[in-house]
Amino acid sequence: MDKAVKKDKEIIAQFETCISKGKNMKESRHAYMIMAHNDFDMLYEILRELDYRRNDIFLHIDRKSQNVPIEHLCSAVKEANLVIIPRKNVNWGGYTQIACELHLMRNALESGHHAYYHMMTGAMAPIKSQEEIFEFFDNCGNKEFIGFDNSANFESRVCLYHIYNEIGKATTKTDQIKVFIRNKFNGFQKKIGYIYKPTRNISFKKGFVYWSLTEDAIKYILINEKNIKKIYKHSFCGDELFIQTLLYNSEFRKKIYNLDDEYESCLRFIKPALSWNKDFSGGSIELAKKSENSITVSDLPILVKSEKLYGWKFVGEQGIEAIKKLRELREEN
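Residue numbering for the sequence shown follows our numbering, starting at 882 and increasing by one per position.
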């Protein structure tokens, strides 16, 4: 047996004891789907925040991650149902990101009915109480909460044929050479006006990759899984396009909460606005002043007043401190 497969089975077996009992099927339930790869102390705090009797948590940890503290993470969940998804390699920018999201959706859907499905990261946490969150979604009219970035100049992510799109963030000399080759090949494609055939005649949309969607939307996405792979297999950072594009070009467009405000529509608090390098043809992306967009205790007055339900991103000791302080403030009220 492959050592990695054997290790995955051991991990799943350890987590089977974490599945809590006593579901009340008369109440609506929510599915939280988390993609994580590091900062497991932070992940522990996020799991604590999601530990609520009406929640089912589906956790995927990148197969490349080492020294995953299984028992420690498991101990964070006492009331919710925690399901560990078999681990796969996930590479930043590649189709594997999309494949992992679809894998999480299918596992969550097959586990039973949920009113809402929330895509999360290991740096995202609720900023409202679970009671407030359920009250909001129980009375929102089944809207779809997904953000749309109305800026232009992103089509090259998907309309070009991106070679080496699974190398992730190039940290080795070999990978940097591959990025150079990819950039040259993309430049050639743009020069001759090439458009990847499966992407022709599609009106693409993009937006923040984390969202909260109804079960009907999840079913619709999974029905289109084969077509998604056909279109996005050779994309770069296509995870910010595939769901937005699919829902926008369907009847679900009418149910989207706010097409004009990306972060209000997905109910996510982001600090501050991100500054991206908009030319993705070369497979590069820039985030200005990374430390400045991490949530700290000093941001709590804004978070408490915000109408958004989730915050991104909580990082390191400062992020843990912010989550704990936010928890204290909720308990005081």
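Yeah, the Cβ is synthetic: ideal placement off N, Cα and C, and Gly gets one too.
Here the structure is a predicted model, which means the values were calculated and not measured.
Per-residue burial, residue i [other beta carbons within 10 Å of its own, 16 or more giving buried]
{"i": "residue 993", "result": "exposed"}
{"i": "residue 958", "result": "buried"}
{"i": "residue 1256", "result": "Here the chain covers residues 882 to 1214 and nothing more, so residue 1256 does not appear."}
{"i": "residue 1159", "result": "Any answer about residue 1159 is weak, because its pLDDT of 41 lies below 50 and its placement is not dependable; what the coordinates show is given next. Label assigned to residue 1159: exposed."}
{"i": "residue 1169", "result": "With a pLDDT of 40 at residue 1169, under the threshold of 50, the modelled position of this residue cannot be trusted; read the value that follows with caution. It counts as exposed."}
{"i": "residue 1163", "result": "Bear in mind that a pLDDT of 43 at residue 1163, under 50, signals an unreliable position, so the number given afterwards is only what the model happens to contain. Per the 10 Å Cβ criterion, buried."}
{"i": "residue 953", "result": "exposed"}
{"i": "residue 1156", "result": "Low confidence applies here, because residue 1156 scores a pLDDT of 45, under 50, leaving its location unreliable; read the following figure in that light. Looking at its Cβ environment, which holds fewer than 16 other Cβ atoms inside 10 Å, residue 1156 is exposed."}
{"i": "residue 1200", "result": "buried"}
{"i": "residue 1171", "result": "Unreliable placement is indicated for residue 1171, whose pLDDT of 49 sits below 50; the coordinate value is still reported in the next sentence. Exposed."}
{"i": "residue 1052", "result": "exposed"}
{"i": "residue 1007", "result": "buried"}
{"i": "residue 1142", "result": "exposed"}
{"i": "residue 1133", "result": "buried"}
{"i": "residue 1207", "result": "buried"}
{"i": "residue 928", "result": "buried"}
{"i": "residue 1097", "result": "exposed"}
{"i": "residue 1137", "result": "buried"}
Span of the alpha helix (DSSP H) around residue i
{"i": "residue 953", "result": "951-955"}
{"i": "residue 1093", "result": "Not the alpha helix (DSSP H): residue 1093 falls in the beta strand (DSSP E), residues 1093-1095."}
{"i": "residue 1056", "result": "1054-1073"}
{"i": "residue 853", "result": "What the structure shows of the chain is the stretch from 882 to 1214, and residue 853 is not part of that stretch, so it cannot be assessed."}
{"i": "residue 1176", "result": "Residue 1176 -> no alpha helix (DSSP H), and no H or E assigned at all."}
{"i": "residue 1185", "result": "1181-1186"}
{"i": "residue 1118", "result": "Segment: none, residue 1118 is in no alpha helix (DSSP H) and carries neither H nor E."}
{"i": "residue 921", "result": "921-931"}
Rounded Cβ spacing between residue i and residue j (contact assumed at less than 8 angstroms)
{"i": "residue 1077", "j": "residue 1122", "result": "Rounded, the Cβ-Cβ distance is 13 angstroms, inconsistent with contact."}
{"i": "residue 976", "j": "residue 1113", "result": "6 angstroms"}
{"i": "residue 979", "j": "residue 1147", "result": "Wrong, their Cβ atoms sit about 17 angstroms apart, outside the cutoff."}
{"i": "residue 1029", "j": "residue 1119", "result": "At roughly 15 angstroms, the Cβ-Cβ gap does not stay under 8 angstroms, so residue 1029 and residue 1119 are not in contact."}
{"i": "residue 1190", "j": "residue 915", "result": "Not confirmed; about 15 angstroms, so no contact."}
{"i": "residue 1022", "j": "residue 917", "result": "Contact flag wrong, Cβ pair sits at about 32 angstroms."}
{"i": "residue 1019", "j": "residue 1116", "result": "Not really, about 36 angstroms apart at Cβ, beyond 8 angstroms."}
{"i": "residue 1050", "j": "residue 973", "result": "5 angstroms"}
{"i": "residue 912", "j": "residue 995", "result": "4 angstroms"}
{"i": "residue 1176", "j": "residue 1197", "result": "11 angstroms between Cβ atoms; not a contact."}
{"i": "residue 1062", "j": "residue 1045", "result": "7 angstroms"}
N-terminal and C-terminal residue of the beta strand (DSSP E) that residue i is part of
{"i": "residue 998", "result": "997-1002"}
{"i": "residue 913", "result": "911-917"}
{"i": "residue 962", "result": "962-965"}
Bridge partners - residue i, DSSP secondary structure assignment
{"i": "residue 1193", "result": "1005, 1151"}
{"i": "residue 940", "result": "915, 965"}
{"i": "residue 1030", "result": "1087"}
{"i": "residue 1218", "result": "What the structure shows of the chain is the stretch from 882 to 1214, and residue 1218 is not part of that stretch, so it cannot be assessed."}
Residue i: CB within 7 angstroms of a non-hydrogen atom of the ligand MN
{"i": "residue 1196", "result": "As presented, the structure is devoid of all ligands, the ligand MN included, so that no description of it is given."}
Pair every Cβ in the segment 1054-1064 with every Cβ in the segment 1089-1100, then say whether three or more of these pairs are closer than 8 angstroms.
no
Contact between the segment 1002-1021 and the segment 933-943 (3+ Cβ pairs under 8 angstroms)
yes
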